[in-house]
Structure formats: C-alpha cells, structure tokens
Amino acid sequence: MNLHIPVFVTIILCLCGCSENTISDSQSITELKGKALGTTWSVKVLTTTNFRIEDLRSDISQKLEDCDKIFSHWRTDSELYQFNGALTTTPISIHPQLLDLLKHSKWIHKQSDGTFDPTVAPVVNLWGFGPVGKTRSTIPTDKQISEALSLTGMNKVELLRKGLVQKKLPTLQLDFSGSAKGEIIDQICTLLQGWNFNNFLVELGGEVRAYGKGRNGKGWIVGLEDGSGDSGSMVSVPLRNYAVATSGTYQLNKPNPDANRSASHLLDPRTGRPVEHQLIAVNAFAPTARDADAWATALMILGSEEGMKKAEKLDMVARFCRIQNGHIEISLSTAYERLYLSNIP
Numbered sequence: 000m001n002l003h004i005p006v007f008v009t010i011i012l013c014l015c016g017c018s019e020n021t022i023s024d025s026q027s028i029t030e031l032k033g034k035a036l037g038t039t040w041s042v043k044v045l046t047t048t049n050f051r052i053e054d055l056r057s058d059i060s061q062k063l064e065d066c067d068k069i070f071s072h073w074r075t076d077s078e079l080y081q082f083n084g085a086l087t088t089t090p091i092s093i094h095p096q097l098l099d100l101l102k103h104s105k106w107i108h109k110q111s112d113g114t115f116d117p118t119v120a121p122v123v124n125l126w127g128f129g130p131v132g133k134t135r136s137t138i139p140t141d142k143q144i145s146e147a148l149s150l151t152g153m154n155k156v157e158l159l160r161k162g163l164v165q166k167k168l169p170t171l172q173l174d175f176s177g178s179a180k181g182e183i184i185d186q187i188c189t190l191l192q193g194w195n196f197n198n199f200l201v202e203l204g205g206e207v208r209a210y211g212k213g214r215n216g217k218g219w220i221v222g223l224e225d226g227s228g229d230s231g232s233m234v235s236v237p238l239r240n241y242a243v244a245t246s247g248t249y250q251l252n253k254p255n256p257d258a259n260r261s262a263s264h265l266l267d268p269r270t271g272r273p274v275e276h277q278l279i280a281v282n283a284f285a286p287t288a289r290d291a292d293a294w295a296t297a298l299m300i301l302g303s304e305e306g307m308k309k310a311e312k313l314d315m316v317a318r319f320c321r322i323q324n325g326h327i328e329i330s331l332s333t334a335y336e337r338l339y340l341s342n343i344p
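Structural data, given as structure tokens:
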C-alpha cells in the first residue's frame, strides 16, 4: 500500500517491552512492532491477561496483510487494484470492506465540501505520487491537469443495491491513501478487542488510536509536534477512546519550477494542483482512526482559515500548524481548547 508518509505524531509514553513468550501476573505494558504496508506499526497493550505474544503478533500481521490485499492501489493482486483496472461501466461487485470505505469516503466528501476525494487517483499519478513511475520527476502541464481532472469526481461512481458499484466512467480509479491507514488501525483495534483487551494503543505510520485509560487512568499520552523539528516544542496530550491523525506538506514533495515552493503530495481535488497555502500540518482528532485520517487530509487541503471554519462548524478537535514569517504559529479549535486546555491552571 506504500503508506510511507510520516506524520507529526510521536508516541512519547515510556513503555516496557517483554521478551517472554507468555505475559501474566501484574498489569504490564507489552509492545509489539514491525513493518508492513510500506511503513511501521506498533501495538501497546496494558493487561493482566495471560496471552502468547507470538500468537498476537501473528494475528496482527495477518490482519495487516489481509488489509493490504484489499486497500492497496500499488499491488496488482489487491481488490482495489482490480477495481481500478476494470474498464467498464457495468455494475460490479467489490469486497465488502472496500465498499464500506467507499461509502465512508462519499460521506466525508460531502461533509468536506469536496476536499476529500479518493477519485483523485489520476491526478496523484500525474504528479508522480502514485504507482505510475514515469511521472516521478516531471511537472504536468495545465492541459494534462485539466485532462486528469476530467477523469475524477465522486459523482462518477455510484453505489447500487446488493453491494454493487457502477463506474460512470470506465477509466475511473480510486486512491484511498487519505483514509486507508485509519481504517486499518480501526480493524486492528477490533482484533484486539476480540482478544479481550480493553486498554491499548495502536499506531500505523504515525497515526494513532487509543482504547482504555492508559497506565495512569487519564489516557495514553502522545506527543504532537509543530513541524519545526524542535523536540522542545512538542505538546503532550492524553488519548482515551480516541484517535489522532496528521496530514502535512513537510514530506514527500518534489521541486516545482512553476511555483514558489516544492510540489507537495497533498493535491487539491478541486484544482488538480498541490496545496500552496502556509499550513504545514493539521492534527485531526476523532472517535475512530478512519474519521481522523480522512479529516486530517480534508482540513489540510482546506487551509488554516477554511479548515478552522469547518472544524468549528462540526465541533471538531483540531490543531493547525502554519508557517508565518519563518515561525510556526499554532491555532486550536474550540473543541481542542475545551478538551485539552480547560483544566490547565
């Protein structure tokens, strides 16, 4: 899936790992981590339950592999790759999980005024940030951008009865990079609940969802950076039955001689071009990682002013980081202040 985009979320809770095959006795934190989907993952569980670490690791690894076979637009054997390659307007059946994510995307697309749009895949490929390798080092022309935009639009894919989906345009393609990580995190959380765990933290590519009270009862502590690279500017917040995802322009870009700045991988589906505002990162919070992931992308594309308006309208917990005159400025939504600042003396 190549979920390799780093984000400004750092887990800063000091954790103790365990090397034994079985965990028991007093409550302790066990950490499992690895690499998958082109990025890294970690799971931290606080429990007194007896369990075999390698059995849990195996289940997590299998879930990650199963998700990659569904949501990846890079691997040729994935459900999404097969859907993108089906050059037809005949209704087709797709995997239930893929269908569910598409339904979610349509909802976020409407709520975000069109700034979240997985049909942007042709534009992503055109700018060289997708699986099409020949455009890695090139900058598209206005004509090419216009032609790519003509292939996009959530109105060009229709959800039918009995799990069928119809492309209105045979060449329509989907790219779920803006929400797939969150979806996979949520599925890992469901897996952990199936193991009867009720206090854990799941991280994939820097995006996080917490479940339970953490060690001190206030939640799992995560750190939010502002994009300056200064660890001293990190803000710590507790997560309890909540998720946080970050989108930003700080990584994965390439030189763009046609603009005053490098071309970011964050492409506005309304214009077909990289975002060029001064917002460099958004931390978006939500009850599920899928929602947080999608909203981080949408708010980042909207920019600091319109993004803040949207966050306030939806009473969303959000943190905006923008660069102004060489300095990082932080703006917080009312919901963020209410949740994280109201109890500070």
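Mapping to numbering that gives the first Met the number 0: the sequence shown position 151 is 150, numbers consecutive.
All residues carry an ideal CB built from backbone N, CA and C; glycine is no exception.
Computed from a predicted structure; not experimentally measured.
field: Inter-residue Cα distance where the pair is glutamine 165 and lysine 155
entry: Distance between the alpha carbons of glutamine 165 and lysine 155 is about 8 Å.
query: Roughly how many angstroms lie between the CA atoms of serine 332 and lysine 309, to the nearest whole one?
result: Rounded to whole angstroms, serine 332 to lysine 309 spans 10 Å at the Cα level.
task: Measure the C-alpha to C-alpha separation of phenylalanine 196 and serine 178 and round it to an integer number of angstroms.
output: If you take the alpha carbons of phenylalanine 196 and serine 178, they lie about 25 Å apart.
query: Which residue comes first and which comes last in the beta strand (DSSP E) that contains alanine 242?
result: Looking at the DSSP string, the run of the beta strand (DSSP E) that includes alanine 242 is 241-247.
- request: Determine the DSSP secondary structure at threonine 118, reduced to helix, strand or coil.
  value: If DSSP states are grouped into helix, strand and coil, threonine 118 belongs with the helices.
query: In terms of residue numbering, what span does the alpha helix (DSSP H) encompassing leucine 100 cover?
result: In the DSSP annotation of this structure, the continuous segment of the alpha helix (DSSP H) that includes leucine 100 starts and ends at 95-110.
message: If we require 4 or more residues per run, which alpha helix (DSSP H) segments fall completely within the segment 15-72?
response: Here the runs fully enclosed are 52-70.
field: Counterpart residues of tryptophan 194 in DSSP-defined beta bridges
entry: According to DSSP, which records beta bridges pairwise, tryptophan 194 is partnered with nothing at all.
- request: Just the C-alpha distance for asparagine 20 and leucine 31, rounded to the nearest angstrom, thanks.
  value: The predicted model places asparagine 20 with a pLDDT of 43, which falls under 50 and marks its position as unreliable; any figure quoted below should be read in that light. For asparagine 20 and leucine 31, the distance between alpha carbons rounds to 12 Å.
- prompt: On the three-state DSSP scale, how would you describe arginine 337?
  reply: Helix at arginine 337.
Proximity to phenylalanine 82 [Cα-Cα], best of Leu171, Gly306, Leu200: Nearest to phenylalanine 82 by alpha-carbon distance, out of Leu171, Gly306, Leu200, is Leu171.
- request: Return the first residue and the last residue of the beta strand (DSSP E) that asparagine 282 is part of.
  value: 278-285 is the span of the beta strand (DSSP E), which, as asked, contains asparagine 282.
task: Would you tell me roughly how many angstroms separate the C-alpha atoms of glutamate 336 and threonine 87, rounded to the nearest one?
output: In this structure, the alpha-carbon of glutamate 336 lies about 49 Å from that of threonine 87.
- request: Report, in whole angstroms, the separation of the C-beta atoms of alanine 297 and serine 104, which I expect to be a contact under 8 Å.
  value: About 11 Å separates the two Cβ atoms, so there is no contact after all.
field: Assigned secondary structure, glycine 205 (DSSP; H/G/I helix, E/B strand, else coil)
entry: Correct three-state label for glycine 205: coil.
task: Check the DSSP bridge columns for histidine 326 and list the partner residues they point to.
output: Per DSSP, Gln323.
message: Looking at the secondary structure, which residues open and close the alpha helix (DSSP H) in which glutamine 143 lies?
response: 141-148 is the extent of the alpha helix (DSSP H) around glutamine 143.
task: Under 8 Å by Cβ, that's how I've got isoleucine 183 and leucine 203 pegged, so tell me the actual separation to the nearest angstrom.
output: Contact flag correct, Cβ pair sits at about 6 Å.
task: Compare the Cα-Cα distances from histidine 300 to each of Val243, Lys102, Gly247 and report the closest residue.
output: A quick correction: the sequence has isoleucine, not histidine, at residue 300. With distances taken between Cα atoms, isoleucine 300 lies closest to Gly247.
task: Please report the Cβ distance between phenylalanine 319 and valine 274, rounded to the nearest whole angstrom; I am assuming they are in contact, meaning their Cβ atoms lie under 8 Å.
output: The pair is not a contact, with the Cβ atoms about 13 Å apart (cut-off 8 Å).
task: Look at the alpha carbon of glycine 181 and the alpha carbon of aspartate 290, and state the distance between them as a whole number of angstroms.
output: Computed Cα separation, rounded: 7 Å.
task: Use the C-beta contact count for serine 145: other C-beta atoms within 10 angstroms, 16 or more gives buried, fewer gives exposed.
output: Exposed, by the Cβ-count rule.
- prompt: Across which residues does DSSP place glutamate 157 in a beta bridge pair?
  reply: Answer is Gln165, bridged to glutamate 157.
task: Using 10 angstroms around the beta-carbon of aspartate 54, count the other beta-carbons present and answer buried if the total reaches 16, otherwise exposed.
output: With fewer than 16 other Cβ atoms from the protein chains shown falling within 10 Å of its own Cβ, aspartate 54 counts as exposed.
message: I'd like the span of the alpha helix (DSSP H) that includes glycine 152, first residue to last.
response: Premise fails: glycine 152 is in no alpha helix (DSSP H) and is neither H nor E.
- request: Inspect the beta-carbon positions of threonine 48 and glutamine 26 and report whether they are closer than 7 Å.
  value: No.
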